[in-house]
Structures are given as structure tokens and as C-alpha cells.
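*Asks:* Next up is a structure, given as C-alpha cells.
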Amino acid sequence: MTQGDSTTKNPPAASVKTKLRILCLHGYLQNSEVFSGKIGSMRKALKSRAEFIFMDAPHEAQGEEAEIRAAGGTGEYPKTWWHWEDIESTKRPSKAAQYTGWETSSRSISEALQREHPIDGILGFSQGSVAAALFLAEMHAQKQVLGLKFAILISSFMPRDERYAELLDKERMQIGLPTLFVHGSEDQLVPLAQGEKLCGNFLNKTMLVHHGAHYVPACSGETKQSIVRFLVAAADQQKALQI
């Protein structure tokens with residue numbers, strides 16, 4: 001915990017500025033350490049406003065690409081929020097449509113929220129953003145009170161497994177949590193239309209489109225201003241009403 005100015009031993013309560021605490025969920029084949037580096041620009045730009053807490057997905061990624069990345073010496077094996085039963089027939093996780101292991105990930109996210117309490121918001125990238133959306137949908141269905149003020153979903157998409165896509169169906173998604181969707185107009189891995197489809201299923205959402213591809217954009221200029229405006233508005237909106 002950062003200590004205050006030594007010249008002011010007991011500053012008035014109103015002068016103490018509390019940072020927003022954000023739980024971060026990495027993408028497929030990443031881990032907490034890798035993702036921390038990937039959003040370095042955001043962490044630096046928002047350092048006076050937010051504290052970022054990173055967690056690992058509970059499953060180790062499988063396959064040749066995961067092994068190659070593990071051999072790269074990051075210190076942590078690439079992780080995934082779920083596995084795929086039909087990956088042998090598709091050869092590509094992005095095309096697989098039968099997920100396994102999500103229940104373990106859901107519990108891990110819940111435990112992280114309890115362990116790191118209080119958490120103000122949840123941020124996810126790519127597969128991690130879908131994990132965040134699924135978790136919010138489950139907690140909403142179970143009427144669980146989380147105390148979250150907002151969510152930021154970057155390069156998101158509807159899950160291909162119909163069992164989980166059903167959880168995010170528009171008729172069921174009555175979540176009022178302020179949610180910022182961030183997506184690249186040149187994203188070839190997860191086309192913008194996929195992000196817009198998931199975004200359309202949320203009640204209280206904002207879509208921020210940048211001109212890049214499948215990555216977290218640099219937090220500067222209009223992008224930074226848009227994120228700051230969203231965080232301020234979301235925090236104010238949720239003072240009286242939390243999920």
C-alpha cells in the first residue's frame with residue numbers, strides 16, 4: 001500500500017483518493033505475467049486512477065503452439081480458460097465448438113474476487129473477455145451480489161459452444177452493469193462483427209472501435225479519453241446500485 005505524503009500525517013478523509021481495483025483476465029495462450037506486459041500502456045496511462053490485479057486461468061493450454069510458447073522462456077506455461085473436445089477435428093481452437101473446463105475457471109474467478117476484495121471492475125481480453133462475460137451472466141442468473149461497478153471487454157466474441165452462447169442470449173442478458181467493449185476494426189482473428197454481436201446482448205454498453213488489429217490498443221489520445229470517461233461515469237452510476 002502506498003503511503004501518503006509524510007508532511008500530512010492525517011489527511012482529511014475527503015482528500016484521500018481511492019483507485020479503482022480491476023481484475024484482469026488474459027487471453028488464450030497468455031498468462032498473468034504476459035498480459036500485464038501487453039497492457040503496459042493502459043496501466044501507465046491510468047496509474048493515478050486504477051490498480052490492475054492479474055490472475056492466471058486454471059488450465060494449461062495444450063497443443064503445439066502452446067509448447068512453442070512455453071519453450072520461449074516466459075517463466076509460466078501458456079494458459080486457457082477452457083479446453084476443446086473437438087479440437088482434433090477442427091485443428092483450430094477458434095473454430096472448435098465444444099468447451100470443457102469452464103466450471104473450474106468460473107470458480108477461480110469467484111475465488112479471485114473474494115481473495116482480492118474489494119474489486120471494482122473486471123477486464124478481459126479475447127478469450128478472457130468471453131470468460132468475463134460468461135462469469136457475469138452466471139452470477140446474474142444466480143442473483144449473486146458481486147459489488148462490481150463496470151466491465152471492460154476487449155476483442156470479445158460470442159462463444160461457439162451453444163451451451164454457453166445460450167447464457168449470453170439477448171433474452172437472458174438483463175445485466176445493467178456498465179460495460180465497455182473495445183475492438184479493432186482491422187481484427188482478422190476476431191472480426192468486429194463478432195464483438196458487436198456480443199455487445200448487442202448487453203443492456204448498458206459502450207462500443208469503442210480502434211483502427212488496429214487483435215490487441216489491446218495503446219491507451220493514449222481519444223482512446224484514453226474514452227476509457228477515462230467510461231470509468232468515471234460507471235463509478236458514479238454504480239454508487240447507489242451494484243450487482
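Residue 124 in full-length UniProt numbering sits at position 124 of the sequence shown, and the numbers go up by one each step. C-beta: ideal position from N, C-alpha, C; glycine also.
(1) Is residue 30 helix, strand or coil when you go by DSSP?
(2) Is it buried or exposed, residue 184, if we count other Cβ atoms within 10 angstroms and call 16 or more buried?
(3) Quick one: residues in its chain with C-beta nearer than 7 Å to the C-beta of residue 132, no 5 flanking neighbours on either side, listed in chain order?
(4) Which value, in whole angstroms, describes the spacing of the CA atoms of residue 201 and residue 157?
(5) If you follow the alpha helix (DSSP H) that residue 55 is part of, which residue opens it and which one closes it?
(6) Using the Cβ count rule (16 or more neighbours within 10 Å means buried), how would you classify residue 203?
(7) Are the CB atoms of residue 211 and residue 187 within a distance shorter than 8 Å?
(8) If I measure Cβ to Cβ from residue 52 and keep anything under 6 Å in the same chain, skipping five residues before and after, which residues do I get?
(9) Could you please give the first and the last residue of the uninterrupted beta strand (DSSP E) stretch that includes residue 199?
(10) Do residue 57 and residue 38 have their CB atoms nearer than 8 Å?
(11) What separation, rounded to the nearest whole angstrom, lies between the Cα atoms of residue 98 and residue 160?
(12) Would you list the residues sitting across from residue 84 in a DSSP beta bridge?
(13) Within the same chain, show all residues whose beta-carbon is closer than 7 Å to that of residue 66, passing over the 5 residues directly before and after it, in chain order.
(14) Consult DSSP for residue 63 and reduce its assignment to one of helix, strand or coil.
(15) Starting from the C-beta of residue 82, find all residues in its chain whose C-beta is less than 6 Å away, skip the five residues before and the five after it, and write them out in chain order.
(16) Buried or exposed for residue 189, going by 16 or more other Cβ atoms inside 10 Å?
(17) Can you tell me which of 229, 111, 169 puts its alpha carbon nearest to the alpha carbon of residue 134?
(18) Is DSSP giving residue 208 helix, strand or coil here?
(19) Less than 7 Å between C-beta atoms, sequence neighbours within five positions excluded: which residues of the same chain meet that for residue 165?
(20) Comparing alpha-carbon positions, which option in 228, 47, 50, 31 lies nearest residue 61?
(21) Specify the secondary structure class of residue 202 as computed by DSSP and reduced to three states.
(22) Return helix, strand or coil for residue 182, following the three-state DSSP convention.
(23) Look up residue 168 in the DSSP assignment and say whether it is helix, strand or coil.
(24) Please return the same chain residues whose Cβ sits closer than 8 Å to the Cβ of residue 49, not counting the five positions on each side in sequence.
(25) Using the DSSP secondary-structure output, state which residues sit across from residue 150 in a beta bridge.
*Replies:* Based on what the coordinates show:
(1) For the purposes of this step, residue 30 is identified with residue 30 of the sequence shown, where counting begins at 1. In the structure shown, residue 30 sits in a strand (DSSP, three-state: E or B).
(2) Within the sequence shown, numbered from 1, the residue matching residue 184 stands at position 184. Buried, because 16 or more other Cβ atoms sit within 10 Å of the Cβ of residue 184.
(3) Here the question's residue 132 lines up with position 132 in the sequence shown. These residues qualify, in order along the chain: 25, 122, 124, 151, 153.
(4) On the sequence shown, position 201 is the one that residue 201 refers to. On the sequence shown, position 157 is the one that residue 157 refers to. Each residue's Cα considered, the two are about 11 Å apart.
(5) Taking the sequence shown and counting its residues from 1, the one referred to as residue 55 is at position 55. Looking at the DSSP string, residue 55 is not in any alpha helix (DSSP H); the run it does join, the beta strand (DSSP E), is 50-55.
(6) As a working note, residue 203 is residue 203 in the sequence shown. Exposed, by the Cβ-count rule.
(7) Walking along the sequence shown from the start, residue 187 turns up at place 187. Walking along the sequence shown from the start, residue 211 turns up at place 211. Cβ distance not < 8 Å, so residue 187 and residue 211 don't count as in contact.
(8) As a working note, residue 52 is residue 52 in the sequence shown. Non-local beta-carbon contacts of residue 52 in its own chain, meaning distances under 6 Å to residues more than five positions away in sequence, involve 22, 24, 43 in chain order.
(9) Within the sequence shown, residue 199 is the residue found at index 199, counting from 1. Here residue 199 belongs to no beta strand (DSSP E); instead the alpha helix (DSSP H) covers 192-199.
(10) For this step, residue 57 is matched to residue 57 along the sequence shown. For this step, residue 38 is matched to residue 38 along the sequence shown. Result no, Cβ atoms of residue 57 and residue 38 do not sit closer than 8 Å.
(11) Taking the sequence shown and counting its residues from 1, one reaches residue 98 at position 98. Taking the sequence shown and counting its residues from 1, one reaches residue 160 at position 160. Taking the straight line joining both Cα atoms gives about 8 Å.
(12) On the sequence shown, position 84 is the one that residue 84 refers to. DSSP lists 99 as partners of residue 84.
(13) Taking the first residue of the sequence shown as 1, we reach residue 66 at position 66. 29, 78.
(14) In the sequence shown, the residue the question calls residue 63 occupies position 63. Residue state, collapsed to three classes: coil.
(15) Here residue 82 is taken as the residue at index 82 of the sequence shown, counted from 1. The residues are 99, 101, 102.
(16) Locating residue 189 in the sequence shown gives position 189, where the first residue counts as 1. Exposed is the call here.
(17) For the purposes of this step, residue 134 is identified with residue 134 of the sequence shown, where counting begins at 1. Nearest of 229, 111, 169 to residue 134, Cα basis: 169.
(18) The count along the sequence shown starts at 1 and reaches residue 208 at position 208. The answer is strand: DSSP assigns residue 208 an E or B state.
(19) One-based indexing of the sequence shown puts residue 165 at position 165. Short of 7 Å from the beta carbon of residue 165, and not among the five residues preceding or following it, lie these beta carbons of its own chain, in chain order: 158, 159.
(20) The residue you call residue 61 lines up with position 61 of the sequence shown. Ranked by Cα distance from residue 61, the options 228, 47, 50, 31 are led by 31.
(21) Working through the sequence shown from its first residue, we reach residue 202 at position 202. Look at residue 202 here: in three-state DSSP terms it is coil, with no helix or strand label.
(22) Counting from 1 along the sequence shown, the entry for residue 182 is found at position 182. Three-state result, residue 182: strand.
(23) By 1-based counting over the sequence shown, the position of residue 168 is 168. Helix, per DSSP.
(24) Residue numbering aside, residue 49 sits at position 49 when the sequence shown is read from its first letter. Scanning its chain for C-beta atoms nearer than 8 Å, with the 5 sequence neighbours on each side dropped, one finds around residue 49 the residues 19, 20, 228, 231, in chain order.
(25) Counting from 1 along the sequence shown, the entry for residue 150 is found at position 150. Paired residues: 121.
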